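Asks: Everything in the sequence shown is counted per full-length UniProt numbering, starting at 1 for the first residue and increasing by one. We put the CB at the ideal spot given by N, CA and C, even for glycine. These figures come from a predicted structure and were not determined experimentally.
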Amino acid sequence: MASLFGSRNRSRASALFSDAILFAGGCLAALVVVWALWCLLAPGITAGSSFFSGAGAVPRRKYAAVAAGCNESAAAAGFDRTHEPADPNFYDDPDLSYTIDKPIRDWDEKRVAWLRQHPSFIPGSETRILMVTGSQAKPCRNQVGDHLLLRLFKNKVDYCRIHGYDIFYNTALLQPEMFSFWAKVPTVRAAMLAHPEAEWIWWVDSDAAITDMDFKLPLSRYAAHNLVVHGWKSLIFDQKSWTSVNAGVFLIRNCQWAMDFMDVWARMGPQSPEYDNWGKILRTTFKDKSRPESDDQSGLIYLILTESEKWGKKIYVESDYYFEGYWLEIVGRLENVTARYAEIERREGRLRRRHAEKVSESYAAAWEEHLKDAGYGKFGWRRPFITHFTGCQPCSGDHNQAYSGEVCGDSMHRALNFADNQVLRRYGFLHLDLRDTAAVVPVPFDYPA
1 MASLFGSRNR SRASALFSDA ILFAGGCLAA LVVVWALWCL LAPGITAGSS
51 FFSGAGAVPR RKYAAVAAGC NESAAAAGFD RTHEPADPNF YDDPDLSYTI
101 DKPIRDWDEK RVAWLRQHPS FIPGSETRIL MVTGSQAKPC RNQVGDHLLL
151 RLFKNKVDYC RIHGYDIFYN TALLQPEMFS FWAKVPTVRA AMLAHPEAEW
201 IWWVDSDAAI TDMDFKLPLS RYAAHNLVVH GWKSLIFDQK SWTSVNAGVF
251 LIRNCQWAMD FMDVWARMGP QSPEYDNWGK ILRTTFKDKS RPESDDQSGL
301 IYLILTESEK WGKKIYVESD YYFEGYWLEI VGRLENVTAR YAEIERREGR
351 LRRRHAEKVS ESYAAAWEEH LKDAGYGKFG WRRPFITHFT GCQPCSGDHN
401 QAYSGEVCGD SMHRALNFAD NQVLRRYGFL HLDLRDTAAV VPVPFDYPA
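1) How is the beta strand (DSSP E) around His230 delimited, first residue to last?
2) Since I believe Phe181 is in contact with Asp295 (beta carbons under 8 Å), could you give me their beta-carbon distance rounded to a whole number of angstroms?
3) Exposed or buried, what is Leu430 when buried is set at 16 or more other beta-carbons lying within 10 Å of its beta-carbon?
4) Are there 16 or more other CB atoms within 10 angstroms of the CB of Ala183, so buried, or fewer, so exposed?
5) Could you tell me the distance, in whole angstroms, from the CA atom of residue 506 to the CA atom of Val440?
6) May I ask which residues mark the beginning and end of the alpha helix (DSSP H) holding Ile281?
7) Does DSSP classify Trp265 as helix, strand or coil?
8) Under three-state DSSP, which class holds Pro119?
9) Using a Cβ-Cβ cut-off of 7 Å (strictly less than) and excluding sequence neighbours within five positions of Thr285, which residues of its own chain qualify?
10) Could you spell out the range, first to last residue, of the beta strand (DSSP E) harbouring Phe168?
11) If you run the structure through DSSP and keep just helix, strand and coil, what is Ala183?
12) What separation, rounded to the nearest whole angstrom, lies between the Cα atoms of residue 450 and Ala449?
13) Around the C-beta of His83, are 16 or more other C-beta atoms found within 10 angstroms, so that it is buried, or is it exposed?
14) Helix, strand or coil, according to DSSP, for Leu22 in the structure here?
15) Kindly indicate which residue of Leu351, Asp433, Gly134, Val359 has the alpha-carbon position closest to the one of Phe445.
16) With 8 Å as the threshold, decide whether the Cβ of Phe418 is near any Cβ in chain B.
17) Rounded to a whole number of angstroms, what is the C-alpha to C-alpha distance between Glu329 and Lys378?
18) Helix, strand or coil for Val249 per DSSP?
19) Which residues does DSSP list as the beta-bridge partners of Gly325?
20) Quickly, what does DSSP pair Leu430 with across the bridge? List them, please.
21) Would DSSP call Glu307 helix, strand or coil?
22) Which of helix, strand or coil does DSSP assign to Val407?
23) Within the continuous alpha helix (DSSP H) that includes Trp367, where are the two ends?
24) What's the call for Asp207, buried or exposed, on a 16-neighbour Cβ count within 10 Å?
25) How many whole angstroms separate the CB atoms of Cys395 and Gln136, which I take to be in contact at a CB cut-off of 8 Å?
26) What is the rounded straight-line gap between the Cα of Asp276 and the Cα of Glu177?
27) Starting from Thr338, follow the alpha helix (DSSP H) in both directions and report where the run begins and ends.
28) Alpha carbons only, please: which of Leu115, Phe215, Pro123 is nearest the one belonging to Ala365?
29) Compute the distance between the beta-carbons of Asn155 and Ala419, then report whether it is under 8 Å.
30) Considering only DSSP beta bridges, list what Trp203 is partnered with.
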């Protein structure tokens, strides 16, 4: 009896122990389910998220540590492009307008609310870039213009694919009266509304080529600023030159400050009743400006010059590298730059290693220790980041009379082939001659050892 009683006790204890394990397992499973639902439905915003930081943004907020875990989970899963909650957001406001004549208010808060509804877009939002570019709607008058524009667009697509950026190419006049160089302003403004997930909008003119496929914009450098342009402060403030800044390439933060800035900038444009008056003001301000019309570049410089407290202090004038560089001082040096990079590759086996395009950024980082003394600008031998064919007008053919159309066309092909080699190398081919667009050769193993 005692033996039987003891066996029964052990069976009951074993059963109780099994029940405890089942109960604990059920609790754990429930916690996992709750955590997963929280990741899908809760804001999942950390204190370091970009839309709570940076100039002109909404103040930071603190969230529980579980939100950080959700962010990591969402980052691993990628964007959820099928998740669109039924709850209303700014897109449901009938008064919202994409046109440049209707101001946008409370944009920072609206972006935050949208990101809360779409938490899979939060991870990485502080560095997310949308490139915007475009050209005219009609075929080019220059017989090779459409081909050149196609190659220039391919160049930008290549760069964005390598670095994981989205790109929007526009051929429509979103404000019919804002033609030519003014067309970029309503396009960028509409892109900001269409892409609340992007922290930065990067406008790049159609006639600009990215000629360093590895280089990435140093966003941490611009943390306290909302607009980045290429130029020289001495030419802005000392000489008051209308060419002190180039407005063909700029990086603008997707925030309320930028919305307000573009409203003011657009008032200088041809759709505005103030257009003619602004032409007179700008020509008087900039003594080297020969044309009487109000243009986007002069208007931008005017705001930097005259409204420093409101606008200028948030605008970073970049002059330390080719944020965009004048093609005439770049193209003639490209073969020499290629040779210098090849010399380094011959010494460093790791840099010669073949690799998938998707991991190109790791090799770009490895290059940096060998380029620290290369120097930026026309006296250095580092690849120029952006080569801008200002004055060439590839579509219309109405180039600056200081050089011929043939020189422009040949220089564009050389720069584009220089950039294309950096892409084709990952596909096993190269242009041996930068002047020959069609011909490529296979790259031998361990090239250029």
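Replies: Answer, in terms of the structure:
1) Within the sequence shown, residue 230 is the residue found at index 230, counting from 1. It spans 227-231 - the beta strand (DSSP E) in which His230 sits, taken as one unbroken run.
2) Here residue 295 refers to the residue found at position 295 of the sequence shown. Here residue 181 refers to the residue found at position 181 of the sequence shown. About 6 Å separates the two Cβ atoms, so the contact holds.
3) Taking the first residue of the sequence shown as 1, we reach residue 430 at position 430. With 16 or more neighbouring CB atoms inside 10 Å of its own CB, Leu430 falls in the buried class.
4) One-based indexing of the sequence shown puts residue 183 at position 183. Within a 10 Å sphere around the beta-carbon of Ala183 sit 16 or more other beta-carbons, which makes this residue buried.
5) An answer regarding residue 506 cannot be provided, because it is not within the stretch 1 to 449 covered by the chain.
6) For the purposes of this step, residue 281 is taken as residue 281 along the sequence shown, with counting starting at 1. First-last of the alpha helix (DSSP H) with Ile281: 275-285.
7) Reading the sequence shown from its first residue, position 265 is the one you call residue 265. Helix at Trp265.
8) Counting from one through the sequence shown, the residue named residue 119 turns up at place 119. Judged by DSSP in its simplified three-state form, Pro119 adopts helix.
9) Translated into the one-based positions of the sequence shown, residue 285 becomes position 285. Counting only residues of its own chain and dropping the five nearest sequence neighbours on each side, Thr285 has a CB closer than 7 Å to the CB of Lys240, Tyr302.
10) Here residue 168 refers to the residue found at position 168 when the sequence shown is read from its first residue. Looking at the DSSP string, the run of the beta strand (DSSP E) that includes Phe168 is 166-170.
11) Within the sequence shown, residue 183 is the residue found at index 183, counting from 1. Under the three-state reduction of DSSP, Ala183 is assigned to helix.
12) Because residue 450 is not part of the residues shown, which for the chain are 1 to 449, the question remains open.
13) Position 83 of the sequence shown, counting from 1, holds the residue named residue 83. Taking a 10 Å sphere around the C-beta of His83, we find fewer than 16 other C-beta atoms and assign the residue as exposed.
14) For the purposes of this step, residue 22 is taken as residue 22 along the sequence shown, with counting starting at 1. Confidence is the limiting factor: at Leu22 the pLDDT is only 45, short of 50, which leaves the residue's position unreliable and the question unanswerable from this model.
15) What you label residue 445 is simply residue 445 of the sequence shown in a count that begins at 1. Among Leu351, Asp433, Gly134, Val359, the Cα nearest to that of Phe445 is on Leu351.
16) The structure shown contains no chain B; it is built from a single protein chain.
17) As a position in the sequence shown, residue 329 is number 329, starting the count at 1. As a position in the sequence shown, residue 378 is number 378, starting the count at 1. A straight-line Cα-Cα distance of about 7 Å links Glu329 and Lys378.
18) On the sequence shown, residue 249 is found 249 positions in, with the first residue counted as 1. In the structure shown, Val249 adopts extended strand secondary structure according to DSSP, grouped into three states.
19) Your numbering for residue 325 matches position 325 in the sequence shown. Note: Gly325 sits in a beta bridge opposite Thr387.
20) For the purposes of this step, residue 430 is taken as residue 430 along the sequence shown, with counting starting at 1. For Leu430, which the question treats as bridged, DSSP gives the partners Val441.
21) Working through the sequence shown from its first residue, we reach residue 307 at position 307. Looking at Glu307 - three-state DSSP - the assignment turns out to be coil, as it is neither helix nor strand.
22) Taking the first residue of the sequence shown as 1, we reach residue 407 at position 407. Val407: helix per DSSP, three-state reduction.
23) Counted from its first residue, the sequence shown places residue 367 at position 367. It spans 360-371 - the alpha helix (DSSP H) in which Trp367 sits, taken as one unbroken run.
24) Translated into positions along the sequence shown, residue 207 becomes position 207. Of the other Cβ atoms in all chains shown, 16 or more fall within 10 Å of the Cβ of Asp207; this residue is therefore buried.
25) The sequence position of residue 395 within the sequence shown is 395, counting from 1. The sequence position of residue 136 within the sequence shown is 136, counting from 1. Going by Cβ atoms, the distance from Cys395 to Gln136 rounds to 6 Å, so yes, they are a contact pair.
26) Here residue 276 corresponds to residue number 276 of the sequence shown, with the count starting at 1. Here residue 177 corresponds to residue number 177 of the sequence shown, with the count starting at 1. Rounded to the nearest whole angstrom, the CA to CA distance from Asp276 to Glu177 is 14 Å.
27) In the sequence shown, counting from the first residue as 1, residue 338 sits at position 338. Boundaries of the alpha helix (DSSP H) around Thr338: 334-347.
28) Your numbering for residue 365 matches position 365 in the sequence shown. Minimum Cα-Cα distance from Ala365 among the listed residues Leu115, Phe215, Pro123 corresponds to Phe215.
29) The residue you call residue 155 lines up with position 155 of the sequence shown. The residue you call residue 419 lines up with position 419 of the sequence shown. Against a cut-off of 8 Å, the Cβ pair of Ala419 and Asn155 comes out as a contact.
30) Taking the first residue of the sequence shown as 1, we reach residue 203 at position 203. Beta bridge pairing from DSSP links Trp203 with Val132, Phe250.
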